[in-house]
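Peer 1: The sequence shown maps to residues 21 to 118 in the working numbering.
Okay, here's the structure, questions in a sec.
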Amino acid sequence: MINEVDADGNGTIDFPEFLTMMARKMKDTDSEDELKAAFKVFDKDGDGLINGDELADVMKSLGENLSEAEVQKMITEADADGDGRINYAEFVQLMMQK
21 MINEVDADGN GTIDFPEFLT MMARKMKDTD SEDELKAAFK VFDKDGDGLI
71 NGDELADVMK SLGENLSEAE VQKMITEADA DGDGRINYAE FVQLMMQK
């Protein structure tokens with residue numbers, strides 16, 4: 021699956037490639053349970069929000085060591101309400117638009 025979305029062929033997936041992969045998986049299923057499970061992968065502390073540290077941890081586990089600025093840019097792109105974190109509704113919207 022990772023090879024399918026590794027657009028630049030560098031052997032790792034960056035955030036846009038990761039979103040493409042997740043969106044393909046989500047489009048294959050309309051299951052609310054699967055969306056919630058995917059969100060929980062990011063929401064490590066279970067507070068219902070994805071912060072920069074949580075996003076960076078997941079991306080690092082996927083082989084992407086991101087700078088603080090890169091993480092912040094990703095959060096900003098998905099953060100519709102401007103609170104600096106990604107809530108479940110923002111996550112779902114992000115997954116469904118790719």
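Positions of the beta carbon are idealized from the N, C-alpha and C atoms, including for glycine.
Output needed for residue 110: all residues of its chain with C-beta closer than 8 angstroms, excluding positions within five of it in sequence on either side, in chain order.
Peer 2: Walking along the sequence shown from the start, residue 110 turns up at place 90. Here the set comprises 98, 99, 100 and 101.
Peer 1: If you run the structure through DSSP and keep just helix, strand and coil, what is residue 69?
Peer 2: Counting from one through the sequence shown, the residue named residue 69 turns up at place 49. Of the three classes helix, strand and coil, the one that applies to residue 69 here is strand, per DSSP.
Peer 1: Residue 107 and residue 68 look like a contact to me (Cβ under 8 angstroms); what is the Cβ gap, rounded to whole Å?
Peer 2: For the purposes of this step, residue 107 is identified with residue 87 of the sequence shown, where counting begins at 1. For the purposes of this step, residue 68 is identified with residue 48 of the sequence shown, where counting begins at 1. Indeed they touch by this definition, with Cβ atoms about 6 angstroms apart.
Peer 1: Tell me whether residue 2 sits in a helix, a strand or coil according to DSSP, three-state version.
Peer 2: Any property of residue 2 remains undetermined from this structure, which presents the chain solely from 21 to 118.
Peer 1: Can you check which of these residues, 37, 63, 96 and 92, is closest to residue 78 by C-alpha distance?
Peer 2: In the sequence shown, the residue the question calls residue 78 occupies position 58. Here the closest residue by C-alpha is 63.
Peer 1: With DSSP run on the structure shown, which of helix, strand or coil describes residue 81?
Peer 2: Your numbering for residue 81 matches position 61 in the sequence shown. It is helical.
Peer 1: If I follow the unbroken alpha helix (DSSP H) through residue 55, where does it start and stop?
Peer 2: Numbered from its first residue, the sequence shown carries residue 55 at position 35. Where residue 55 is concerned, the enclosing alpha helix (DSSP H) stretches over 52-62.
Peer 1: Going by beta-carbon coordinates alone, are residue 66 and residue 95 separated by less than 8 angstroms?
Peer 2: Translated into positions along the sequence shown, residue 66 becomes position 46. Translated into positions along the sequence shown, residue 95 becomes position 75. In this structure, residue 95 does not lie closer than 8 angstroms to residue 66 by Cβ.
Peer 1: Between which two residues does the alpha helix (DSSP H) containing residue 98 stretch?
Peer 2: By 1-based counting over the sequence shown, the position of residue 98 is 78. Run containing residue 98: 88-98, per the alpha helix (DSSP H) assignment.
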